Amino acid sequence: MKHALQIAMLIASMAAFTPAAKTAAYSISNPAFNVPANVREWFRNNFPGDGGSCVQCSIGMCGVDQNIPAASTLLWDTRYGPRERGGSWPGRVAKYCRARGIKIYNVTGKPTWDWMRWAVNTGRGAAIGVGTAHFQTLVGYDNASAKWLVCNNNSPQKIDRYSDKAFRRLHLASGQWCVILDAPPHPVAPVYREWWNTK
Amino acid sequence: MRYIAVAFLMVASSAMAKTPQVDISEVIRRGDMVEHVNGIAQNENDPKNRLIEEMAVPEDDSGKWFVSVVSTPGCPHCEKLKSDWKTNEYLRSLAIPGDPHKSWAHLAFYTKGDQSQDWRWKNITFRGYPTIIVQPPRSGEYGPVSDIVYLHAGYPGPEKLTRGIIDAIKLRISTVTTKAMQIRGPPDNVVGVDPPWDIQPKPDRNTRPLLPRLVPDVPPKEAPAPFPGWAIPTLMAGGPLAWVGIAALAWFGFTQIREWRKRQGDKLLINDQMMAMLESLAKKFDIERDPPSPTEEKKK
Numbered sequence: 003m004k005h006a007l008q009i010a011m012l013i014a015s016m017a018a019f020t021p022a023a024k025t026a027a028y029s030i031s032n033p034a035f036n037v038p039a040n041v042r043e044w045f046r047n048n049f050p051g052d053g054g055s056c057v058q059c060s061i062g063m064c065g066v067d068q069n070i071p072a073a074s075t076l077l078w079d080t081r082y083g084p085r086e087r088g089g090s091w092p093g094r095v096a097k098y099c100r101a102r103g104i105k106i107y108n109v110t111g112k113p114t115w116d117w118m119r120w121a122v123n124t125g126r127g128a129a130i131g132v133g134t135a136h137f138q139t140l141v142g143y144d145n146a147s148a149k150w151l152v153c154n155n156n157s158p159q160k161i162d163r164y165s166d167k168a169f170r171r172l173h174l175a176s177g178q179w180c181v182i183l184d185a186p187p188h189p190v191a192p193v194y195r196e197w198w199n200t201k
Numbered sequence: 015m016r017y018i019a020v021a022f023l024m025v026a027s028s029a030m031a032k033t034p035q036v037d038i039s040e041v042i043r044r045g046d047m048v049e050h051v052n053g054i055a056q057n058e059n060d061p062k063n064r065l066i067e068e069m070a071v072p073e074d075d076s077g078k079w080f081v082s083v084v085s086t087p088g089c090p091h092c093e094k095l096k097s098d099w100k101t102n103e104y105l106r107s108l109a110i111p112g113d114p115h116k117s118w119a120h121l122a123f124y125t126k127g128d129q130s131q132d133w134r135w136k137n138i139t140f141r142g143y144p145t146i147i148v149q150p151p152r153s154g155e156y157g158p159v160s161d162i163v164y165l166h167a168g169y170p171g172p173e174k175l176t177r178g179i180i181d182a183i184k185l186r187i188s189t190v191t192t193k194a195m196q197i198r199g200p201p202d203n204v205v206g207v208d209p210p211w212d213i214q215p216k217p218d219r220n221t222r223p224l225l226p227r228l229v230p231d232v233p234p235k236e237a238p239a240p241f242p243g244w245a246i247p248t249l250m251a252g253g254p255l256a257w258v259g260i261a262a263l264a265w266f267g268f269t270q271i272r273e274w275r276k277r278q279g280d281k282l283l284i285n286d287q288m289m290a291m292l293e294s295l296a297k298k299f300d301i302e303r304d305p306p307s308p309t310e311e312k313k314k
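Chains L and B, in that order, are what the protein sequence lines are.
Just remember that our numbering sits 2 ahead of the position in the first sequence, which is counted from 1.
Just remember that our numbering sits 14 ahead of the position in the second sequence, which is counted from 1.
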């Protein structure tokens, strides 16, 4: 019984640092970011020995979404450059993006709110601060339920949904910073349909 | 002892969770700032280059159509299309590679077999490369974004491809005009009661041209070479001049085939510079063969 109590206390202490989120299936028809779960899994923030790389995981996911290989391969050694792992800050992101030829908007402070809305409205994902000293990927905004959709690179299989209030609190907790790739958004997966046949 | 161990584990787990992955101090130091990194190495000592403040968000480009080009490695037609897109005025009227802000449409090049992108094509059967796919804008004003408005396997040449895409877009627009008008609002040239001040132009999404401005951007077409009618009687007359007639007809045939291949975007046997030189030679020969009559000279 004592052991069970100890384990429960340990789990509770770890859970205290995970932001609460309601997780639900991806319901909006045209999200800004729609990389499938198996591809998102490549960007799980789990690179033993290199420390947390949440900023690069988030930018990497956006790189896949917008088909920018120099960004999607950030975490690995490729012809686009050496791997970039470990903790990050705006200056470091700007430096490695210049070195790799990645065009970005590196936004700090109050403007992040307008930029995040612009990103999701125009079909772009964004690497954003969500939770204390943590970066995640902004997936979209569901107008119907007024929820922000976010993919945490610690649990990339799921999409978390936050109310405006919760999202605001989490983004403020991270320090207002977001990175958006300066590149066209992606088209959604095309589908054959006889749209010209209106009858 | 156990409690001490548990307490130690709790502290350790807390410390692990707090390992800074994001340096918030720099975020705070920067304050309200938008740095536009344009992907080019700059002199970082120059503060003007290092920090460019652009607080306003870019224009809403959700009204742009999507043009996707899917190619395979080692496909010569794919490479030809990519290189044409950099220079050809027809293709550049749709989108300018590397300059999405000035492009009329969102252009993206994909490589089939790229595992990070292949999930996009789960609903598509590829019958040839390059495959060009056009989809409606994200704004939804022209119907579902997933619809394939235009799909073409192979490269038919820049003009034919551009015109094909525009024709398909026109057809699509004609089928969803009512809905589009509801979203786009009334046209700009509404006549009636004017407000007492000069109103600002509407946001870009509504003022963006419905179709790319193709005609003013294309280079003027060269006048077709005139048919050398004189060559036939010369040929019929026989004698040593018959060879001149044969040469003139052959030259005419060659220029016609070259012109056709140029329109198709095919590789040319003689480049434009060499062709211009040959044409000037041919003209010189033409003038020497048939000098203008004195009456024509007077008219001039």
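C-beta: ideal position from N, C-alpha, C; glycine also.
Note that the structure is predicted; figures quoted are calculated from it, not measured.
Amino acids of chain B, ordered along the chain, whose beta-carbon sits closer than 8 Å to that of Gln-178 of chain L | As a working mapping, residue 178 of chain L is identified with position 176 in the first sequence. What Gln-178 of chain L touches in chain B: Val-41.
For Glu-73 of chain B, which of helix, strand or coil comes out of DSSP?
-> Here the question's residue 73 of chain B lines up with position 59 in the second sequence. Three-state DSSP puts Glu-73 of chain B in coil, outside helix and strand.
Would a check of beta-carbon distances place Pro-87 of chain B closer than 7 Å to chain L?
-> Working through the second sequence from its first residue, we reach residue 87 of chain B at position 73. No, because no Cβ of chain L sits closer than 7 Å to the Cβ of Pro-87 of chain B.
Lys-184 of chain B, enclosing alpha helix (DSSP H) - first and last residue = What you label residue 184 of chain B is simply residue 170 of the second sequence in a count that begins at 1. 172 to 189 is the extent of the alpha helix (DSSP H) around Lys-184 of chain B.
For Ser-82 of chain B, the first and last residue of its enclosing beta strand (DSSP E) | The residue labelled residue 82 of chain B in the question sits at position 68 within the second sequence. Residues 80 to 85.
Quick one: Cα of Ala-109 of chain B to Cα of Asp-75 of chain B, how far?
-> As a working mapping, residue 109 of chain B is identified with position 95 in the second sequence. As a working mapping, residue 75 of chain B is identified with position 61 in the second sequence. Taken atom to atom, the span from the alpha-carbon of Ala-109 of chain B to that of Asp-75 of chain B is near 13 Å.
Chain B residues whose Cβ lies nearer than 9 Å to that of Arg-171 of chain L | Your numbering for residue 171 of chain L matches position 169 in the first sequence. In chain order: nothing, as chain B lies at least about 15 Å away.
Outcome for Lys-149 of chain L when other beta-carbon atoms lying within 10 angstroms are tallied against a minimum of 16 | Here the question's residue 149 of chain L lines up with position 147 in the first sequence. When all chains shown are included, Lys-149 of chain L counts as buried.
When you compare only the Cα positions, how much space is there between Tyr-82 of chain L and Ile-104 of chain L?
-> In the first sequence, the residue the question calls residue 82 of chain L occupies position 80. In the first sequence, the residue the question calls residue 104 of chain L occupies position 102. When rounded, the distance between both Cα atoms is 10 Å.
With burial defined as no fewer than 16 other Cβ atoms inside 10 Å of the residue's Cβ, what is the status of Ile-179 of chain B: buried or exposed?
-> Residue mapping note: residue 179 of chain B aligns to position 165 of the second sequence, counting from 1. Buried is the call here.
Would you tell me roughly how many angstroms separate the C-alpha atoms of Leu-183 of chain L and Phe-140 of chain B, rounded to the nearest one?
-> Looking up residue 183 of chain L in the first sequence gives position 181. Looking up residue 140 of chain B in the second sequence gives position 126. Near 29 Å, if we compare the C-alpha coordinates of Phe-140 of chain B and Leu-183 of chain L.
Would you mind reading off the limits of the alpha helix (DSSP H) that contains Ile-38 of chain B?
-> Within the second sequence, numbered from 1, the residue matching residue 38 of chain B stands at position 24. It spans 38 to 44 - the alpha helix (DSSP H) in which Ile-38 of chain B sits, taken as one unbroken run.
Write down the C-beta distance between Tyr-169 of chain B and Asn-69 of chain L rounded to the nearest angstrom, noting that I regard them as a contact closer than 8 Å.
-> Position 155 of the second sequence, counting from 1, holds the residue named residue 169 of chain B. Position 67 of the first sequence, counting from 1, holds the residue named residue 69 of chain L. So it is not a contact: roughly 20 Å between Cβ atoms.
Cβ of Pro-111 of chain B less than 7 Å from any chain L Cβ?
-> On the second sequence, position 97 is the one that residue 111 of chain B refers to. Not an interface residue.
How would you call Gly-45 of chain B, buried or exposed, if buried means at least 16 neighbouring beta carbons within 10 angstroms?
-> The residue you call residue 45 of chain B lines up with position 31 of the second sequence. Exposed, because fewer than 16 other Cβ atoms sit within 10 Å of the Cβ of Gly-45 of chain B.
If you run the structure through DSSP and keep just helix, strand and coil, what is Asp-162 of chain L?
-> On the first sequence, position 160 is the one that residue 162 of chain L refers to. Correct three-state label for Asp-162 of chain L: strand.
In terms of alpha-carbon separation, which member of L:Thr-110, L:Cys-59 and L:Val-141 lies closest to Val-152 of chain L?
-> Numbered from its first residue, the first sequence carries residue 152 of chain L at position 150. Taking only the C-alpha atoms, the option nearest Val-152 of chain L is L:Val-141.
Who are the neighbours of Trp-85 of chain L on chain B, taking C-beta pairs under 7 Å?
-> Looking up residue 85 of chain L in the first sequence gives position 83. Residue identity differs from the one stated: residue 85 of chain L is Arg in this sequence, not Trp. Simply none; closest approach about 16 Å.
Can a CB atom of chain L be found closer than 7 Å to the CB of His-50 of chain B?
-> Here residue 50 of chain B is taken as the residue at index 36 of the second sequence, counted from 1. Answer yes: the Cβ-Cβ gap between His-50 of chain B and chain L drops below 7 Å somewhere.
Return the Cβ separation of Gly-125 of chain L and Gln-178 of chain L in integer angstroms, given the expectation that the two are a contact with Cβ distance under 8 Å.
-> Counting from 1 along the first sequence, the entry for residue 125 of chain L is found at position 123. Counting from 1 along the first sequence, the entry for residue 178 of chain L is found at position 176. So it is not a contact: roughly 23 Å between Cβ atoms.
Beta-carbon separation of Val-193 of chain L and Asn-285 of chain B under 7 Å?
-> The sequence position of residue 193 of chain L within the first sequence is 191, counting from 1. The sequence position of residue 285 of chain B within the second sequence is 271, counting from 1. In this structure, Asn-285 of chain B does not lie closer than 7 Å to Val-193 of chain L by Cβ.
Close Cβ partners of Pro-92 of chain L (< 7 Å) along its chain, the five nearest in sequence each way excluded = In the first sequence, residue 92 of chain L corresponds to position 90, counting from 1. Within the same chain, Pro-92 of chain L has close Cβ partners Asn-108, Thr-110 and Trp-179.
So which of L:His-173, L:Thr-139, L:Ala-72 and L:Val-95 has the shortest CA-CA distance to Ile-203 of chain L?
-> For residue 203 of chain L there is no data in the structure shown, the boundaries of chain L being 3 and 201.
Check distances from the C-beta atoms of the region 177 to 188 of chain B to those of chain L and list, in chain order, the residues that come in under 8 Å.
-> Leu-185 and Arg-186
Of the listed residues L:Gly-62, L:Gly-89, L:Asn-36 and L:Cys-64, nearest to Gly-51 of chain L (C-alpha basis) = Residue numbering aside, residue 51 of chain L sits at position 49 when the first sequence is read from its first letter. Checking every option, the nearest Cα to that of Gly-51 of chain L belongs to L:Gly-89.
With DSSP collapsed to three states, give me the class of Glu-49 of chain B.
-> Counting from 1 along the second sequence, the entry for residue 49 of chain B is found at position 35. Glu-49 of chain B: strand per DSSP, three-state reduction.
Backbone CA spacing between Arg-186 of chain B and Trp-198 of chain L [nearest angstrom] | By one-based count along the second sequence, residue 186 of chain B stands at place 172. By one-based count along the first sequence, residue 198 of chain L stands at place 196. So the two alpha carbons sit approximately 7 Å from each other.
For Lys-101 of chain L, which option in L:His-136, L:Asn-145, L:Ala-73 and L:Val-37 has the closest C-alpha, if you only look at C-alpha atoms?
-> Indexing the first sequence from 1 puts residue 101 of chain L at position 99. It is worth fixing the name first, because residue 101 of chain L is Ala in this sequence and not Lys. The residue with the shortest Cα to Cα distance from Ala-101 of chain L is L:Ala-73.
Which class does Cys-56 of chain L belong to by DSSP, given the choice of helix, strand or coil?
-> As a position in the first sequence, residue 56 of chain L is number 54, starting the count at 1. Helix, per DSSP.
Could you tell me whether any Cβ in chain B is nearer than 7 Å to the Cβ of Trp-150 of chain L?
-> For the purposes of this step, residue 150 of chain L is identified with residue 148 of the first sequence, where counting begins at 1. So, not an interface residue.
So with Cβ pairs under 7 Å, would you call Ser-294 of chain B a contact of chain L?
-> Translated into positions along the second sequence, residue 294 of chain B becomes position 280. By this cut-off, Ser-294 of chain B is not an interface position.
Alpha carbon to alpha carbon, what distance is there between Ile-246 of chain B and Asn-255 of chain B?
-> Numbered from 1 along the second sequence, position 241 holds the residue referred to as residue 255 of chain B. Numbered from 1 along the second sequence, position 232 holds the residue referred to as residue 246 of chain B. Asn is not the amino acid found at residue 255 of chain B; the sequence shown has Leu there. Taking the Cα positions, Leu-255 of chain B is about 11 Å away from Ile-246 of chain B.
Using the C-alpha atoms, what's the distance from Lys-96 of chain B back to Pro-111 of chain B?
-> Counted from its first residue, the second sequence places residue 111 of chain B at position 97. Counted from its first residue, the second sequence places residue 96 of chain B at position 82. Roughly 9 Å separates the two Cα atoms.
Would you kindly work out how many angstroms separate the C-alpha atoms of Pro-33 of chain L and Arg-43 of chain B, rounded to a whole number?
-> Taking the first residue of the first sequence as 1, we reach residue 33 of chain L at position 31. Taking the first residue of the second sequence as 1, we reach residue 43 of chain B at position 29. In a straight line, the C-alpha of Pro-33 of chain L is about 33 Å away from that of Arg-43 of chain B.
Please confirm if Thr-110 of chain L has its CB atom under 7 Å from at least one CB of chain B.
-> Looking up residue 110 of chain L in the first sequence gives position 108. Closer than 7 Å to some Cβ of chain B, the Cβ of Thr-110 of chain L qualifies, so yes.
Identify each residue in the region 186 to 197 of chain L for which the Cβ-Cβ distance to at least one residue of chain B is less than 8 Å, and report them in chain order.
-> Pro-186, Pro-187, His-188, Pro-189, Val-190, Ala-191, Pro-192, Val-193, Tyr-194, Arg-195 and Trp-197
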